[in-house]
Ligand SMILES: Nc1nc2c(c(=O)[nH]1)N=C([C@H](O)[C@@H](O)CO)CN2
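In UniProt numbering, the protein residues as written are 1 to 120.
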């Protein structure tokens with residue numbers, strides 16, 4: 001299965017369950033793998049035939065910057081829904097990390113898979 005990926009997309013947002021977290025912006029980092037048949041754009045060499053990772057990134061940046069969720073689970077789920085509904089992605093894996101949220105850990109967060117892998 002082919003994929004298009006976005007790694008370590010860092011976006012500032014309001015996220016967290018504590019009062020102090022509602023008053024600040026924190027950085028979340030997204031790693032995303034999206035199923036996509038890359039044979040066609042490879043043959044045509046045309047951006048119109050791709051899953052445009054810049055367009056996907058810009059959409060997620062706009063959404064996450066405006067979001068104000070409490071849980072990383074909710075934000076991850078909403079991002080996955082946007083990818084599936086607006087970009088027609090059949091399967092994706094999305095990791096949403098909150099760097100520095102827990103002392104002693106580089107990052108904490110969630111990883112979700114949604115949809116069905118093409119051909120499997
Ligand atoms: N599974 C989760 N656990 C926790 C979350 C969360 O979003 N999902 N959030 C917090 C706090 O906001 C934390 O990040 C502040 O340091 C705690 N646990």
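Every residue gets a Cβ at the ideal spot worked out from N, C-alpha and C, and that includes glycine.
Item checked: 8 Å CB neighbourhood of residue 115 in its chain, flanking five on each side removed -> For the purposes of this step, residue 115 is taken as the residue at position 115 of the chain shown. Within the same chain, residue 115 has close Cβ partners 35, 84, 89, 90, 91 and 92.
Note to self: Between which residues of its own chain and residue 67 is the CB-CB distance below 8 Å, once the five residues before and five after are set aside?
What the structure shows: For the purposes of this step, residue 67 is taken as residue 67 along the chain shown, with counting starting at 1. Short of 8 Å from the beta carbon of residue 67, and not among the five residues preceding or following it, lie these beta carbons of its own chain, in chain order: 13, 14, 15, 75 and 78.
Note to self: Is the beta carbon of residue 102 closer than 7 Å to that of residue 51?
What the structure shows: The residue given as residue 51 occupies position 51 in the chain shown. The residue given as residue 102 occupies position 102 in the chain shown. No.
Checklist line | Cα-Cα separation between residue 109 and residue 48, rounded to whole angstroms | finding: Residue numbering aside, residue 109 sits at position 109 when the chain shown is read from its first letter. Residue numbering aside, residue 48 sits at position 48 when the chain shown is read from its first letter. Straight-line Cα distance between these residues: approximately 33 Å.
Note to self: Using only the alpha-carbon positions, how far apart do residue 81 and residue 112 sit?
What the structure shows: Here residue 81 refers to the residue found at position 81 of the chain shown. Here residue 112 refers to the residue found at position 112 of the chain shown. Straight-line Cα distance between these residues: approximately 11 Å.
Margin query: Quick check: the Cα distance between residue 21 and residue 65, rounded to an integer number of angstroms?
Written below: Against the chain shown, residue 21 aligns to sequence position 21. Against the chain shown, residue 65 aligns to sequence position 65. Using only the alpha carbons, I get a separation of about 15 Å.
Notebook entry, point to check: Is the CB-CB distance between residue 6 and residue 63 below 7 Å?
Noted result: Here the question's residue 6 lines up with position 6 in the chain shown. Here the question's residue 63 lines up with position 63 in the chain shown. It is not a contact, given that the beta carbons lie outside the stated cut-off.
Note to self: Going by C-alpha to C-alpha distance, which of 98, 105 and 23 sits closest to residue 11?
What the structure shows: Position 11 of the chain shown, counting from 1, holds the residue named residue 11. Check the Cα spacing between residue 11 and each of 98, 105 and 23: the tightest is with 98.
Check: What are the complete alpha helix (DSSP H) segments, minimum 4 residues, inside the segment 30–99?
Finding: Counting whole runs of 4 or more residues, the segment 30–99 contains the alpha helix (DSSP H) stretches 39–44, 53–66 and 72–87.
Next item on the list: Specify, as a first and last residue, the run of the beta strand (DSSP E) that residue 25 falls within.
Entry: The count along the chain shown starts at 1 and reaches residue 25 at position 25. Under the DSSP assignment, residue 25 falls outside any beta strand (DSSP E); it carries neither an H nor an E label.
Item checked: Check whether residue 37 and residue 95 have beta carbons under 7 Å apart -> Within the chain shown, residue 37 is the residue found at index 37, counting from 1. Within the chain shown, residue 95 is the residue found at index 95, counting from 1. Their beta carbons are not under 7 Å apart, which means residue 37 does not touch residue 95 by this criterion.
Notebook entry, point to check: How many Å lie between residue 19 and residue 33 at the Cα?
Noted result: Along the chain shown, one-based indexing puts residue 19 at 19. Along the chain shown, one-based indexing puts residue 33 at 33. Taking the straight line from one Cα to the other gives about 33 Å.
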